[in-house]
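In the numbering used here, the protein residues as written are 12 to 213. Heads up, the beta-carbon is just placed ideally off N, CA and C, and yes, glycines get one too. Reviewing the structure listed below.
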Amino acid sequence: MTQVTPLTIVNVGYRSTNYWVVSAGTSRLLVDIGWPGTIGTMKANLKRMGVPLREIRYALATHYHIDHAGLAEELKKEGVPLLVLQVQVDAIPIMKTWTKPSDNYVEIRADGNVTIPFEESRQLLQQIGISGEILHTPGHSDDSISLLLDDGSVCTGDLPPEAYAFDNPVALGTWHMLRERGATRVYPAHGPIRPMDPAPTI
Ligand SMILES: [Zn+2]
């Protein structure tokens, strides 16, 4: 028998970027992982929102740009494993090229990462009490992924909103796929939570 704990999602973000903590009780997943050099701010925000760091089972970056994965290595040192999709592996070392020494970015090492294909995401999430899956959602970058929960909530990272993506067929295809898969509520990396746009009429 599977026990279902209702999921909650809170925002621990800062500097115009949302970092979502998805929780099944005290079992938690952090979606997007802070700017480089801001571990103090992240810890303070987690504390303020009542999220003990030790309860975060994995950290997941929607893609490897510095505002989304900048603290990944530091959180690993705090005991939070980094969950990586296979499609993201090659993007990780490139992140360093976008940082300056003054950013205090700690480079992500391969050891300690939990790397999986998309097909294994549902099972892994189920192990931490979260019903949903991780999907490949290109449109902002090729390594972009989204967390789609079975309640219809979807964390989409920087996927450009459908209404502004008329010249981005890859993003439009991604939104179509998310709608088909049952997404109803969008938790973007920037801006407020919003309902999915209605299906476009042709
Ligand atoms: Zn980005």
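| Item | Value |
| --- | --- |
| Cβ-heavy atom distance, His76 to ligand 1, below 7 Å | yes |
| Residue(s) in a DSSP beta bridge with Gly143 | Leu160 |
| Beta-carbon spacing of Ser230, Asp169 below 8 Å | As shown, the chain starts at 12 and ends at 213. That puts residue 230 outside it, with no answer to give. |
| Counted within 10 angstroms of its Cβ, other Cβ atoms place Thr16 as buried (16 or more) or exposed | exposed |
| Ser132: first and last residue of the uninterrupted alpha helix (DSSP H) it sits in | Ser132 to Gln138 |
| Cβ contact check for the segment 141 to 152 and the segment 112 to 121: 3 or more pairs under 8 Å | no |
| Contact test: Ser152 Cβ vs ligand 1 heavy atom, cutoff 7 Å | yes |
| heavy atom of ligand 3 below 7 Å from His187 C-beta | Ligand 3 is absent from the structure shown, which contains only ligand 1. |
| Arg59 - containing alpha helix (DSSP H), residue span | Ile50 to Arg59 |
| Three-state class that DSSP yields for Ala165 in the structure shown | Sequence inspection shows Val at residue 165; the Ala mentioned does not correspond to that position. Three-state result, Val165: strand. |
| Val32, DSSP secondary structure in three states | strand |
| Where the beta strand (DSSP E) through Thr19 begins and ends | Leu18 to Asn22 |
| Val42 and Tyr30 closer than 8 Å at C-beta | yes |
| Where the beta strand (DSSP E) containing Val125 begins and where it ends | Asn124 to Ile127 |
| Near ligand 1: Asp114 beta-carbon under 7 Å from a heavy atom | no |
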